[in-house]
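So the number in the working numbering is just where the residue sits in the sequence shown, counting from 1, plus 7.
All C-beta atoms, glycine included, are put in the ideal place defined by N, C-alpha and C.
Note that the coordinates shown come from a computational prediction; the quantities given were computed from them, not determined experimentally.
Notes follow the structure.
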Amino acid sequence: MQGETGGLLDTIVEYTKMINIIEGLRIQALAEYKHTHEQPEFAAAELAVAARWTQHHTNAQLSLATDLVTRLPATLAALQAGTIDTYKAKILSELTLPLDPEQTRQVEAEILARAAEQNSATLRRRTREAVQRIDPEGAERRHRHCAQDRAVRLRTCDNGMAELSAYLPAHLALAVYDRISTAACQARTPDDQRTADQRRADAFVDLCLGEAGYQAQIQVTVAASTLLGVDDQPGELAGYGPIPASVAREIAAEGTWRRLLTDPVKDTLLDYGRRTYRPPAALADFVRARDKTCRFPGCLRPANKSDLDHHVPFPHGGTSAHNLTTLCRHHHRVKHSGRWQSKRRDDGTVIWTSPSGRQYSREPERIIGSQPVAANDSPPPF
Numbered sequence: 008m009q010g011e012t013g014g015l016l017d018t019i020v021e022y023t024k025m026i027n028i029i030e031g032l033r034i035q036a037l038a039e040y041k042h043t044h045e046q047p048e049f050a051a052a053e054l055a056v057a058a059r060w061t062q063h064h065t066n067a068q069l070s071l072a073t074d075l076v077t078r079l080p081a082t083l084a085a086l087q088a089g090t091i092d093t094y095k096a097k098i099l100s101e102l103t104l105p106l107d108p109e110q111t112r113q114v115e116a117e118i119l120a121r122a123a124e125q126n127s128a129t130l131r132r133r134t135r136e137a138v139q140r141i142d143p144e145g146a147e148r149r150h151r152h153c154a155q156d157r158a159v160r161l162r163t164c165d166n167g168m169a170e171l172s173a174y175l176p177a178h179l180a181l182a183v184y185d186r187i188s189t190a191a192c193q194a195r196t197p198d199d200q201r202t203a204d205q206r207r208a209d210a211f212v213d214l215c216l217g218e219a220g221y222q223a224q225i226q227v228t229v230a231a232s233t234l235l236g237v238d239d240q241p242g243e244l245a246g247y248g249p250i251p252a253s254v255a256r257e258i259a260a261e262g263t264w265r266r267l268l269t270d271p272v273k274d275t276l277l278d279y280g281r282r283t284y285r286p287p288a289a290l291a292d293f294v295r296a297r298d299k300t301c302r303f304p305g306c307l308r309p310a311n312k313s314d315l316d317h318h319v320p321f322p323h324g325g326t327s328a329h330n331l332t333t334l335c336r337h338h339h340r341v342k343h344s345g346r347w348q349s350k351r352r353d354d355g356t357v358i359w360t361s362p363s364g365r366q367y368s369r370e371p372e373r374i375i376g377s378q379p380v381a382a383n384d385s386p387p388p389f
């Protein structure tokens, strides 16, 4: 049994080395793809669609590939030899980014000498130590550089949850966390059954929203039957996806309602009710409510944070619901500056043609509250 286990370990290690080699070859191809692209600025657009990647992941892959080829060739060679993996290569790329070429070569040579025998956590620690030792005067410069990337990011999770994270200078992050923890302690009562993490999460929401509650600009679609308690169909949170009926009811109770009429057969939006009628605004509301997200393949940016675009450019194409679609600002630029073309079919599917002539499709979003009809079912007689 021990001999069999040892053989399996050897096999796993060998397969891992093969994966590393293939990853190195793939990274080389990614760099060549971007370098030879007619418009490198928009190289990620078609790659994301063809590889079924998100735009963010595609940009990250192309950036890493370009960095390894141009700035860290020894690291790429180690990856293609199978002695390190992509994660270790990414660590070297990230931590040496602020260094000049000579300093980068010194750190790279020192770390790669023992990288094959270390795990990623040890390699990261040793790389940080080497960067500090080789460029001690650059600590302040690197801090200012990284502070320029401070940001707050949202990541959707399963089961109606999401993660909100902040990338901040360490002293500010600690101060924010301390304030949240203090507020959580002050809010605790003798019969409070919440955990410390739950209290901090609730304090964070209270500090951010205060009295506003759900008056922040969010869009939720929920069936009237669910609001009335007749059924428990999931609602839909724009920019996220399905949420439990109980959450949808809670949000609806705090918000302003607008009427959405849906076709129960085609799952398409027919009308968007408004209290006052202004044709341009009504049409824009209709298209955004219908499309729900950016219509570029794979993009899920909410429609209410996207531009309106004509499939057929105006004035050759009319300003109508059929000829209008929602595109986030990035993919709006991709279409016009990157020479993509789009066309909307009668069923709501958007067909995209890339500059290389390949075609990709984006199906219409289903409207919450309408029921799908099986392909072999006949539509109801109305």
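Checklist entry - Across which residues does DSSP place S172 in a beta bridge pair? => result Position 165 of the sequence shown, counted from the start, is the residue given in the question as residue 172. Answer is R160.
Next on the checklist: On the DSSP letters alone, give me the boundaries of the beta strand (DSSP E) that R351 sits inside.
Outcome noted: Translated into positions along the sequence shown, residue 351 becomes position 344. Here the beta strand (DSSP E) through R351 covers 348-351.
Checklist entry - From the DSSP output, which residues share a beta bridge with I358? => result What you label residue 358 is simply residue 351 of the sequence shown in a count that begins at 1. DSSP output for I358 lists K350, S368 as bridge partner(s).
Checklist entry - Taking N311 as the reference, which of T326, F321, T332, H318 has the closest Cα? => result In the sequence shown, the residue the question calls residue 311 occupies position 304. Nearest option by C-alpha distance: T332.
Next on the checklist: Taking contact to mean 3 or more Cβ pairs, one atom from each stretch, closer than 8 Å, check whether the stretch 119-133 and the stretch 48-67 are in contact.
Outcome noted: no
Next on the checklist: Suppose you measure from the CA of D156 to the CA of T12; what does that come to, to the nearest Å?
Outcome noted: Sequence index remark: in the sequence shown, residue 156 carries index 149 (1-based). Sequence index remark: in the sequence shown, residue 12 carries index 5 (1-based). One C-alpha to the other measures close to 46 Å.
Checklist entry - Hey, out of A245, T196, R133, whose CA is closest to T163's CA? => result Within the sequence shown, residue 163 is the residue found at index 156, counting from 1. Selected option, being the one with the closest Cα: A245.
Next on the checklist: On the CB-based measure, 16 or more other CB atoms within 10 Å of its CB, does L79 come out buried or exposed?
Outcome noted: Along the sequence shown, read from residue 1 onward, the residue named residue 79 stands at position 72. Classification of L79: buried, given that the 10 Å Cβ count is 16 or more.
Next on the checklist: Let's test the definition: count the other Cβ atoms within 10 Å of the Cβ of A58 and tell me whether it reaches 16, buried, or not, exposed.
Outcome noted: Translated into the one-based positions of the sequence shown, residue 58 becomes position 51. Flag for A58 reads exposed.
Checklist entry - Among the residues of its own chain, which have a CB less than 8 Å from the CB of E30, if the five just before and after it don't count? => result Taking the sequence shown and counting its residues from 1, the one referred to as residue 30 is at position 23. The residues are L86, D92, T93.
Next on the checklist: According to DSSP, is I258 part of a helix, a strand, or is it coil?
Outcome noted: The count along the sequence shown starts at 1 and reaches residue 258 at position 251. The three-state secondary structure of I258, taken from DSSP, is helix.
Checklist entry - According to the Cβ coordinates, are D314 and H339 closer than 7 Å? => result Taking the first residue of the sequence shown as position 1, residue 314 is located at position 307. Taking the first residue of the sequence shown as position 1, residue 339 is located at position 332. For the pair D314 and H339, the CB atoms are nearer than the 7 Å cut-off.
Checklist entry - Rounded to the nearest angstrom, how far is the Cβ of A191 from that of R207, given a contact under 8 Å? => result Taking the sequence shown and counting its residues from 1, one reaches residue 191 at position 184. Taking the sequence shown and counting its residues from 1, one reaches residue 207 at position 200. Right, their Cβ atoms sit about 5 Å apart.
Item to check | Selected residue, minimal CA-CA separation from N330, among L290, R131, R308 | outcome: As a working note, residue 330 is residue 323 in the sequence shown. Of L290, R131, R308, the residue nearest in Cα terms is L290.
Checklist entry - Terminal residues of the continuous alpha helix (DSSP H) containing H317? => result As a first step, residue 317 is located in the sequence shown; it is residue number 310 there, counting from the start. No alpha helix (DSSP H) contains H317, which is instead part of the beta strand (DSSP E) from 314-317.
Next on the checklist: Using DSSP's beta-bridge definition, name the partner residues of I250.
Outcome noted: Stepping through the sequence shown from its first residue, residue 250 is reached at position 243. Paired residue(s): G242.
Checklist entry - Do you know how far the Cα of A122 is from the Cα of L16? => result Within the sequence shown, numbered from 1, the residue matching residue 16 stands at position 9. Within the sequence shown, numbered from 1, the residue matching residue 122 stands at position 115. Their Cα atoms are separated by approximately 20 Å.
Checklist entry - Does the pairing of the stretch 97-110 with the stretch 32-42 give three or more beta-carbon distances under 8 Å? => result no
Checklist entry - Are there 16 or more other CB atoms within 10 angstroms of the CB of F303, so buried, or fewer, so exposed? => result Walking along the sequence shown from the start, residue 303 turns up at place 296. It is buried - the Cβ of F303 has at least 16 other Cβ atoms within 10 Å.
Checklist entry - Taking C-alpha atoms, which residue in V138, A81, R131 lies nearest to V114? => result As a working note, residue 114 is residue 107 in the sequence shown. It is V138 whose Cα lies nearest to the Cα of V114.
Item to check | Alpha-carbon to alpha-carbon, D316 and E117 | outcome: Residue mapping note: residue 117 aligns to position 110 of the sequence shown, counting from 1. Residue mapping note: residue 316 aligns to position 309 of the sequence shown, counting from 1. Going from the Cα of E117 to the Cα of D316 covers about 52 Å.
Checklist entry - Around the Cβ of T228, are there at least 16 other Cβ atoms within 10 angstroms (buried) or fewer (exposed)? => result The residue given as residue 228 occupies position 221 in the sequence shown. Under this definition T228 is a buried residue.
Checklist entry - So the beta strand (DSSP E) T332 belongs to, where does it begin and stop? => result Taking the first residue of the sequence shown as position 1, residue 332 is located at position 325. Looking at the DSSP string, the run of the beta strand (DSSP E) that includes T332 is 331-334.
Item to check | Alpha-carbon spacing of T90 relative to E257, whole angstroms | outcome: As a first step, residue 90 is located in the sequence shown; it is residue number 83 there, counting from the start. As a first step, residue 257 is located in the sequence shown; it is residue number 250 there, counting from the start. When rounded, the distance between both Cα atoms is 53 Å.
Item to check | Local Cβ density within 10 Å of D1, reported as buried at 16 or more and exposed below that | outcome: Since the displayed the chain opens at 8 and closes at 389, residue 1 lies outside it and no answer follows.
Item to check | Burial state of F321, where buried means 16 or more other Cβ atoms lie within 10 Å | outcome: Taking the first residue of the sequence shown as position 1, residue 321 is located at position 314. F321 comes out exposed.
Item to check | Proximal residues to P249 (C-beta, below 7 Å), its chain only, five neighbours per side dropped | outcome: Walking along the sequence shown from the start, residue 249 turns up at place 242. Taken in chain order, the residues that qualify are P241, E243.
Checklist entry - In terms of residues, what are the limits of the alpha helix (DSSP H) holding W211? => result The residue you call residue 211 lines up with position 204 of the sequence shown. Correcting the residue identity first, residue 211 is Phe in this sequence and not Trp. In the DSSP assignment, F211 falls within the alpha helix (DSSP H) that extends over 203-216.
Item to check | Rounded C-alpha distance that separates E144 from A72 | outcome: Against the sequence shown, residue 144 aligns to sequence position 137. Against the sequence shown, residue 72 aligns to sequence position 65. Inter-residue distance for E144 and A72 is about 29 Å (C-alpha atoms, whole angstroms).
Checklist entry - Does the Cβ of L75 have 16 or more other Cβ atoms within 10 Å, making it buried, or fewer, making it exposed? => result If you number the sequence shown from 1, residue 75 lands on position 68. So L75 counts as buried.
Checklist entry - How is the alpha helix (DSSP H) around N66 delimited, first residue to last? => result Numbered from its first residue, the sequence shown carries residue 66 at position 59. 62-77 is the span of the alpha helix (DSSP H), which, as asked, contains N66.
Item to check | Paired residues, beta bridge with P309 - DSSP | outcome: Taking the sequence shown and counting its residues from 1, one reaches residue 309 at position 302. Partner(s): T300.
Checklist entry - Three-state secondary structure (DSSP) at V227? => result Locating residue 227 in the sequence shown gives position 220, counting from the first residue. Residue state, collapsed to three classes: strand.
Next on the checklist: My assumption, with CB atoms under 8 Å, is that I34 sits in contact with L83. Please give the rounded CB distance.
Outcome noted: For the purposes of this step, residue 34 is identified with residue 27 of the sequence shown, where counting begins at 1. For the purposes of this step, residue 83 is identified with residue 76 of the sequence shown, where counting begins at 1. Sure, about 7 Å apart at Cβ, within 8 Å.
Checklist entry - Between A177, D142, P251, which lies nearest to A154 when the distance is taken from Cα to Cα? => result Here the question's residue 154 lines up with position 147 in the sequence shown. Nearest option by C-alpha distance: A177.
Next on the checklist: Rounded to the nearest angstrom, what separates R112 and L32 at their Cα positions?
Outcome noted: For the purposes of this step, residue 112 is taken as the residue at position 105 of the sequence shown. For the purposes of this step, residue 32 is taken as the residue at position 25 of the sequence shown. Approximately 22 Å between the Cα atoms of the pair.
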